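Working notes, structure below.
Numbering (the working numbering), first residue to last: 56 to 163.
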């Protein structure tokens with residue numbers, strides 16, 4: 056169950072990073088909405104990380120949490136913000152995904 060919470064927490068990390076990206080380009084009152092989304096996602100993400108680390112090793116949990124956030128944020132950048140999807144960027148993203156999966160399999 057804590058692995059599921061950790062994954063959901065990582066997805067909320069993607070949410071708070073994405074809100075920052077949207078806030079950068081927003082104007083008027085929309086800026087406050089995006090920063091509000093950032094705070095909500097940040098809070099949920101941290102609380103789920105805290106809950107997951109009650110039974111999972113902190114080093115593994117943190118690496119997986121940040122890895123999910125990094126991979127998800129890069130994918131949001133590529134698909135939503137139209138960032139580059141050049142070969143080396145995708146290659147290293149794939150190695151990061153492999154590392155996250157590897158940590159899951161070698162951890163209790």
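Using N, Cα and C, we set each Cβ at its ideal position, and we do this for glycine too.
All of these numbers come straight from a predicted model, not from anything done at the bench.
message: Quick check: the Cα distance between residue 85 and residue 99, rounded to an integer number of angstroms?
response: 21 angstroms
Three-state class that DSSP yields for residue 136 in the structure shown: coil
Own chain residues within Cβ distance below 7 angstroms of residue 77, not counting five before or after: Excluding positions up to five away in sequence, the list reads 89.
query: residue 73 lies in the alpha helix (DSSP H); which residues open and close that run?
result: 57-80 is the extent of the alpha helix (DSSP H) around residue 73.
field: Counted within 10 angstroms of its Cβ, other Cβ atoms place residue 68 as buried (16 or more) or exposed
entry: buried
- prompt: Can you tell which of 94, 71, 82 and 109 has the C-alpha that lies nearest to the C-alpha of residue 61?
  reply: 109
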